[in-house]
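As structure tokens, the structure follows; a few thoughts come after it.
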Amino acid sequence: MAAKKKIKTPPRIRKKRLSAKATIGQVPGVPVYVGHKTESELSIEVIEYNKGMLEERHLSSIEEAYPFVESEPVSWININGLSHTSVIEKIGKRYGIHPLVVEDIVNTQQRPKVEEFQDHLFVVVKMLHMDEEKGLIVEHLSLVLGSHYVISFQEAEGDVFDPVRTRLRGDKGVIRSMRSDYLLYALMDAVVDYYFHLLDEIGNRIESLEDQLFEDQTSEEMPTEIQSLKREILRIRRAISPLREIVSRIEKSGHPNISEKIMLYLSDLQDHIIQVSESIEIYREMTWSLMDMYMTAISNKMNTIMKVLTIIATIFIPLTFIAGIYGMNFEYIPELKYRNGYFILLGIMLLIFLAMLYYFRRKKWL
Amino acid sequence: MAAKKKIKTPPRIRKKRLSAKATIGQVPGVPVYVGHKTESELSIEVIEYNKGMLEERHLSSIEEAYPFVESEPVSWININGLSHTSVIEKIGKRYGIHPLVVEDIVNTQQRPKVEEFQDHLFVVVKMLHMDEEKGLIVEHLSLVLGSHYVISFQEAEGDVFDPVRTRLRGDKGVIRSMRSDYLLYALMDAVVDYYFHLLDEIGNRIESLEDQLFEDQTSEEMPTEIQSLKREILRIRRAISPLREIVSRIEKSGHPNISEKIMLYLSDLQDHIIQVSESIEIYREMTWSLMDMYMTAISNKMNTIMKVLTIIATIFIPLTFIAGIYGMNFEYIPELKYRNGYFILLGIMLLIFLAMLYYFRRKKWL
Amino acid sequence: MAAKKKIKTPPRIRKKRLSAKATIGQVPGVPVYVGHKTESELSIEVIEYNKGMLEERHLSSIEEAYPFVESEPVSWININGLSHTSVIEKIGKRYGIHPLVVEDIVNTQQRPKVEEFQDHLFVVVKMLHMDEEKGLIVEHLSLVLGSHYVISFQEAEGDVFDPVRTRLRGDKGVIRSMRSDYLLYALMDAVVDYYFHLLDEIGNRIESLEDQLFEDQTSEEMPTEIQSLKREILRIRRAISPLREIVSRIEKSGHPNISEKIMLYLSDLQDHIIQVSESIEIYREMTWSLMDMYMTAISNKMNTIMKVLTIIATIFIPLTFIAGIYGMNFEYIPELKYRNGYFILLGIMLLIFLAMLYYFRRKKWL
Amino acid sequence: MAAKKKIKTPPRIRKKRLSAKATIGQVPGVPVYVGHKTESELSIEVIEYNKGMLEERHLSSIEEAYPFVESEPVSWININGLSHTSVIEKIGKRYGIHPLVVEDIVNTQQRPKVEEFQDHLFVVVKMLHMDEEKGLIVEHLSLVLGSHYVISFQEAEGDVFDPVRTRLRGDKGVIRSMRSDYLLYALMDAVVDYYFHLLDEIGNRIESLEDQLFEDQTSEEMPTEIQSLKREILRIRRAISPLREIVSRIEKSGHPNISEKIMLYLSDLQDHIIQVSESIEIYREMTWSLMDMYMTAISNKMNTIMKVLTIIATIFIPLTFIAGIYGMNFEYIPELKYRNGYFILLGIMLLIFLAMLYYFRRKKWL
Amino acid sequence: MAAKKKIKTPPRIRKKRLSAKATIGQVPGVPVYVGHKTESELSIEVIEYNKGMLEERHLSSIEEAYPFVESEPVSWININGLSHTSVIEKIGKRYGIHPLVVEDIVNTQQRPKVEEFQDHLFVVVKMLHMDEEKGLIVEHLSLVLGSHYVISFQEAEGDVFDPVRTRLRGDKGVIRSMRSDYLLYALMDAVVDYYFHLLDEIGNRIESLEDQLFEDQTSEEMPTEIQSLKREILRIRRAISPLREIVSRIEKSGHPNISEKIMLYLSDLQDHIIQVSESIEIYREMTWSLMDMYMTAISNKMNTIMKVLTIIATIFIPLTFIAGIYGMNFEYIPELKYRNGYFILLGIMLLIFLAMLYYFRRKKWL
Ligand SMILES: [Mg+2]
Ligand SMILES: [Mg+2]
Ligand SMILES: [Mg+2]
Ligand SMILES: [Mg+2]
Ligand SMILES: [Mg+2]
Ligand SMILES: [Mg+2]
Ligand SMILES: [Mg+2]
Ligand SMILES: [Mg+2]
Ligand SMILES: [Mg+2]
Ligand SMILES: [Mg+2]
Ligand SMILES: [Mg+2]
Ligand SMILES: [Mg+2]
Ligand SMILES: [Mg+2]
Ligand SMILES: [Mg+2]
Ligand SMILES: [Mg+2]
Ligand SMILES: [Mg+2]
Ligand SMILES: [Mg+2]
Ligand SMILES: [Mg+2]
Ligand SMILES: [Mg+2]
Ligand SMILES: [Mg+2]
Ligand SMILES: [Mg+2]
Ligand SMILES: [Mg+2]
Ligand SMILES: [Mg+2]
Ligand SMILES: [Mg+2]
Ligand SMILES: [Mg+2]
Ligand SMILES: [Mg+2]
Ligand SMILES: [Mg+2]
Ligand SMILES: [Mg+2]
Ligand SMILES: [Mg+2]
Ligand SMILES: [Mg+2]
Ligand SMILES: [Mg+2]
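Protein chains in written order, with the numbering used here: chain S, 42 to 407; chain X, 42 to 407; chain A, 42 to 407; chain H, 42 to 407; chain U, 42 to 407.
See below:
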């Protein structure tokens, strides 16, 4: 097998656990941000486009985003900064989003789901990326699909949507000729495409561990690495598994904002989601059995250690005993007087030694 | 990794197992309290409210609670003390609650469920809290929803409803403008919100164990701690898992006491329940694999111990043998006569010693 | 933790396996008793009752039981002794029971089920008790519900129905005012109530094993005890798990012998069955992981043993070597001549000894 | 526990794996026999019967079996020897059996199934027997049910149908008064009855292994025995598990060859199949956990071995060191001069020895 | 057990993981080939046939394949070389295949599926072969079924269809008399038939490992071999498991290109798929438990090693101590003066030695 660079495990950082305590029994519909990115700045970007035009703007206040609810071209309003709950509430009110939905937008512990309302569709997904320094990042992403707008809510700046922006700006493919439902699809597709990338990294780490085990380079850190792989796989699975139902519910919703044209694209997306789910299950099984491999590896090591000890002790303890016999101070030990007693004894010891070696070789211990 | 305070495991207290023996083949519909809190005092609180008024009372006899069944404002009658079965029977009779339901109210082993009756809805849930001294506490909570009242039955005083009381008193949110169905929702929501808090504690204990294993601080108590984590997780799961079906049955019941306005709130609650269930499954898997981690940790320790023994024995046993050879009392051992025999032998021993060290280093045992 | 008496494991008795050989390819509908209680005597008890009267009789021949099929008051005919197959056949013929049903009545390997016939309902359940001497006993119990009679068939005398008999005799609760369907319910309820008691015993044994493991009192018998716990749990589960479907099929049967009044009682029974099933699953998981606990316990013991060996060997083997050096008989070993050579060497040995102690303490082996 | 004869594991014979290679991409509908019994001779038996008559014949050519397709009494045509594919094809053509069905009849790897055709029903089941010399035998059995005939196709002579033949000849039970559908039932019932017998053997082997483990008679062959038990259980499960669906599909088929009278018998058969399936699942769990028991047994053995070593080494290594001290040749060792030095030292050694014994006893190692 | 040649494990080659990165967020419907066979040459074969004629052609440009869309005889157009995406796009456009389908044709990570379009059916399956040098090969195969053509798209040359070609050329069976739907069936059947062959190889490797374990020939490579078996089984399962649903969806599609005549063949194919799935599950369980067998094997080895050490040490350490006693230099040790002291001591040592041997034999260690 070709040598292979050891994949670096992401650092074992543990974030402060999000405390659920603040929200116990609180008034429902009042948005409370419970995520980590409390210092993230607010940023509002709007891309307005149709086949003939595209206009990109960075808004300085949320009020500037109000008119897009009625404007004819498709508008993509992207809001970063979920900790700015009052801003989210304002845009929610203007766009007719129910307070309980607004609460879900800022509640980063909300699981992926879809909800239908008369004039819009509400979708929650998890945007996953693997950060070299911070490990697996699960970003809460909410999408509101109106008849000619999509609002996306992110925890903080930084996302996986640059290829979509490029396609919009460069008028690649059909995106500029389609309605807002296609934009929703394109955003979800970008999120799912990134899952594949993430799974590659997981797969590489599993293979790296397997390779190390194969080359007998066990370390005491491995169980912890395997455990953190398990944890990540479980977290990814949790983020991904509700998606299957979400897409099929969008397909069957018959919502006016979802056109017939989009159906094939959604089923293509569904395909990808199933593929991702299957991969994560395979990785799960592989990871679970890594622990058994590790266990056998250290047991094998133990066997090797014990063999060395046993061989040495089994050879020299009896010989030492014989030497001890002739080191006794009895007045009358006839052998001690023999002219060649010493050399005869050395010869006997050599024979014993060789017999032992032969015995161990036959047992395949040597 | 930053140092982390070890989370204290709750004490390993074992309550007297509730004996099921008393109830074998007994007359059904006769309430028998089988819980632990047999000395809990009876206390009856009533909060009567609508948008315009709120009145809080502590009743001294159950008969004072009779009129609320017809009174127009919403009444929340909270009864603590399930061991007072005759009181429960009286209120049950007055409010038209079936004897079998009364039995379920005081039977703390009854699993969560919902049952529909013509003029009321009966809901059983488990109120969980983690007590520092007594460990996980599972309190049996029954809720009866009438057209303008909710009766809650608790085993003993102390609950998770203070935020709801605060909202009622301070007229926060919509609670005072809504009917009794919203109160039922608010109480169940408070119970479920507390599950999140409980799961945080479980999560912290799992991470604490992982951290200890990572830092090689295994102790012989760990398997017991892991086992009691497992037990608690199984108990929590048992309390939580029926809830999913309960809420969806309430939603679909079409019961006159459940208004259309409450639907969105119930589906928000359902969301939270699913989230809690998913978390508990993840914690379950993590806990199960903690045992494997522990097992590898002690095997690794064994390897270390055996290495030390093997290295020492392998080095000194052969050297001791050589010393034994020259401690023999044969009359003719020529080497003993050599002027520098002793120093030459010491030199040879040193060489053997160094060769051994080299061997072990190459094997990466040192 | 408070001291706790060790629960005695029931003795590891193995009954002669019931041979299925006798029944291979035999004529269906011919009853063959395949149970253990082949010497059990036949006994026939009848309790006839309505609100106004109750009459208890012990019949000396099966023919005396013939009239009850038409008699108006409710009759409970309890027949003990399944090995008396010809008697069972006679009563079966008189009461219009299909030969295949008669075969199921005496076939103790028949799993729990319900079957509807035009004028009667046939129910098989398993009556479980834990016998101090014989371990878990699974008794085959068949119930035939007619419009105003219930026939119960037991393998041998001894059952869990005494509380029901007491209620009948003392006219407690509603039992005397109800029809035969309530009697069927009451008998099944008594059987299920006893399951709770049985589960308590299982729970106590699991906890006892956990406690022993916690207090480090492993014994080599434990794996066998755990294995027999597993076996019992699997057998109980097998007896209990079909019950859920049975009760819901009775509820939905719309059979004329099942009145509307009985529905609430049946759903109460169903509740209890689900509770029992959930408990057995939890015990199952706890028992399965007991084995892992045991495994870690003996590994921990091994570590302790090896530490003792390693410490002793690591300290004394090098010291013995040094002593061996100065036991050599070389003519010229200058150290031997030193006036204080012996004392200096003892000092050096002491230093080595202390250094070792320090090393082991730092490694936390001491 | 009473002594128990060790059950002999069936020999570990491995048949030549049936090669699937011959059939890759071949013309469908052309029968290819892929079983082991390629040398089995062809034999054709016919039993023709109704209430009044029974005639048994051994046919010498397949053409003699042609008339039975129309003859009025019920005919059971039993053909042994699936390797005679051309014969199977001929009878298939005469009785209107589809070529794909003929292929299934000779394809021994075909799983159990039922297929409905206009004038016949085609059923595949597996006839299992445990052969003392060849281990578990899975024989492929196909049954074709016509309006007044059943054709059974077996791989080779030898089956479980002798009790059915006896019932036919002796006119026991209702078999001679019933139609061909009852014959199909009777044959399937005989096959299923034999499963019980087989499960008994599996159960006995599991218990035998448990008993050996209980009595500490582990052998290195056990894991292989357990593994082959697992393999057999998986193979049996595979043969049995499709049966449940098969019988319920026959019941619901409404096929003209299946009469109403047969329904109760089929549901009795279904009962037995479910019982068998449950047993196999229990045996599966028991077998899986046997491996864990074995593992703990050898770990316990290791502990015992290590204890012996540790006790001996811990006692004698320090004593030997002390003896080594006084074996040194220093010129000035004052103790050596003491009159009672030797005896005092022996005394000290004895004290150390006793102290060690006391220590090990307190640790419960002795 | 007969000696058995060790099956060679396929080499542990790891292909460069296909990077999903290139496709993140890209325009959907633009085909991107992500497989390994980027250098595979393009080759286009056409077989045109009906009952009366058959014509085979190798096309040099894709344009030559255009007319077959309308030509009456059945045409099988087989295109090898998925990396030639522009060619695939051209034929796709001519034959009315949707761009998203064209993308799936070249996307080798696409899971098996079926999609219905107005005038054609699109099927993706995985063609599996085990290559001696490259291990398990999963080749992406797409099939487009038109009313009188089938187009097959393969990654590279080499397939499992030669038996189908032979049947076509030799007019064997019904293939030349049937329509294109039968050709689709025949191709899928050939793929599935090959799965059986593959499973045989998996089965052989499992048995080979079992045999090695049985004959105690454990090697440290085994866990890696087992792990790679697991990985392959998981990959095969992933390729196979969607097939069940695919065939049943084709059966139920009612698509005009699927004729009634083909139904029996499809259900025969379905049979085979279920058989393959069951086998893979059995192999999965067997493989998983191989690891446990391996673990017990190395534990048994450890026990043997430790027994040797313990026996040797336990016998000679005490004897060496005794020799050490009489090697002490005390001035007054009376035994040393005895005329036969030495021989008496040797006798005592021999007795101790024999006693030890007896002890170990009774413990069954020898
Ligand atoms: Mg809340
Ligand atoms: Mg972001
Ligand atoms: Mg995609
Ligand atoms: Mg999470
Ligand atoms: Mg696609
Ligand atoms: Mg495992
Ligand atoms: Mg009761
Ligand atoms: Mg309370
Ligand atoms: Mg909530
Ligand atoms: Mg509980
Ligand atoms: Mg919400
Ligand atoms: Mg495991
Ligand atoms: Mg029978
Ligand atoms: Mg039966
Ligand atoms: Mg009885
Ligand atoms: Mg009950
Ligand atoms: Mg049983
Ligand atoms: Mg109840
Ligand atoms: Mg296990
Ligand atoms: Mg485990
Ligand atoms: Mg074929
Ligand atoms: Mg046969
Ligand atoms: Mg039967
Ligand atoms: Mg098979
Ligand atoms: Mg296992
Ligand atoms: Mg894409
Ligand atoms: Mg190819
Ligand atoms: Mg095939
Ligand atoms: Mg793959
Ligand atoms: Mg077939
Ligand atoms: Mg395991």
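We put the beta carbon where it would ideally sit given N, CA and C, even for glycine. This one's a predicted model, so the numbers in the text were calculated from it and none came from an experiment.
The alpha helix (DSSP H) with residue i in it runs from where to where?
i      : result
A/Y399 : 382 to 403
H/L275 : 263 to 281
To the nearest whole angstrom, what separates the beta carbons of residue i and residue j, a pair I think is in contact under 8 Å?
i      : j      : result
U/T361 : H/T361 : 6 Å
X/I192 : X/V185 : 4 Å
U/N344 : H/I274 : Not really, about 28 Å apart at Cβ, beyond 8 Å.
X/M263 : X/Y335 : 5 Å
S/L112 : S/E89  : Residue identity differs from the one stated: residue 112 of chain S is Ser in this sequence, not Leu. S/S112 to S/E89, Cβ: 7 Å. Contact.
Leaving out five residues on either side along the sequence, give the residues of the same chain with a beta carbon under 7 Å from the beta carbon of residue i.
i      : result
U/L392 : none
X/K46  : The pLDDT assigned to X/K46 is 48, lower than 50, so where the model puts this residue is not dependable, and the model offers no usable value.
Any heavy atom of ligand 8 within a distance shorter than 6 Å of the CB on residue i?
i      : result
X/G199 : yes
A/E156 : no
Kindly list the residues whose CB is nearer than 6 Å to the CB of residue i, restricted to its own chain and excluding five residues on each side of it in sequence; keep chain order.
i      : result
X/M42  : Residue placement at X/M42 cannot be trusted, given a pLDDT of 39 that sits under 50; what the coordinates show is reported in the next sentence. Contacts found: none.
X/V166 : P153, L182, V232
U/E376 : G382
H/R278 : I321
Determine the extent of the beta strand (DSSP E) in which residue i is found, giving its start and end residues.
i      : result
H/N344 : From DSSP, H/N344 is part of no beta strand (DSSP E) but of the alpha helix (DSSP H) over 304 to 366.
U/Q195 : 190 to 195
X/H181 : 176 to 186
S/V155 : 154 to 157
Under 8 Å Cβ to Cβ from residue i, same chain only, skipping five residues before and after it: list those, please.
i      : result
S/S300 : R220, D222
Within 6 Å: the Cβ of residue i and any heavy atom of ligand 22?
i      : result
H/Q195 : yes
Taking only heavy atoms of ligand 2 into account, decide whether any of them is closer than 6 Å to the Cβ of residue i.
i      : result
X/E261 : no
When you measure from the CB of residue i to every non-hydrogen atom of ligand 27, does any distance come out below 6 Å?
i     : result
U/E89 : no
### Query
Is there contact between the stretch 140 to 149 of chain A and the stretch 67 to 74 of chain A, where contact requires at least three CB pairs shorter than 8 Å?
Using a Cβ-Cβ distance cut-off of 8 Å, the stretch 140 to 149 of chain A and the stretch 67 to 74 of chain A are in contact, since at least three pairs of beta carbons, one from each stretch, lie closer than that value.
### Message
Counting beta carbon pairs with one atom in the stretch 363 to 376 of chain X and one in the stretch 361 to 372 of chain S, are three or more of them shorter than 8 Å?
### Response
yes
### Message
Assess contact between the stretch 284 to 304 of chain S and the stretch 200 to 207 of chain S, defined as three or more Cβ pairs (one per stretch) separated by less than 8 Å. Is contact present?
### Response
Short answer: they don't touch.
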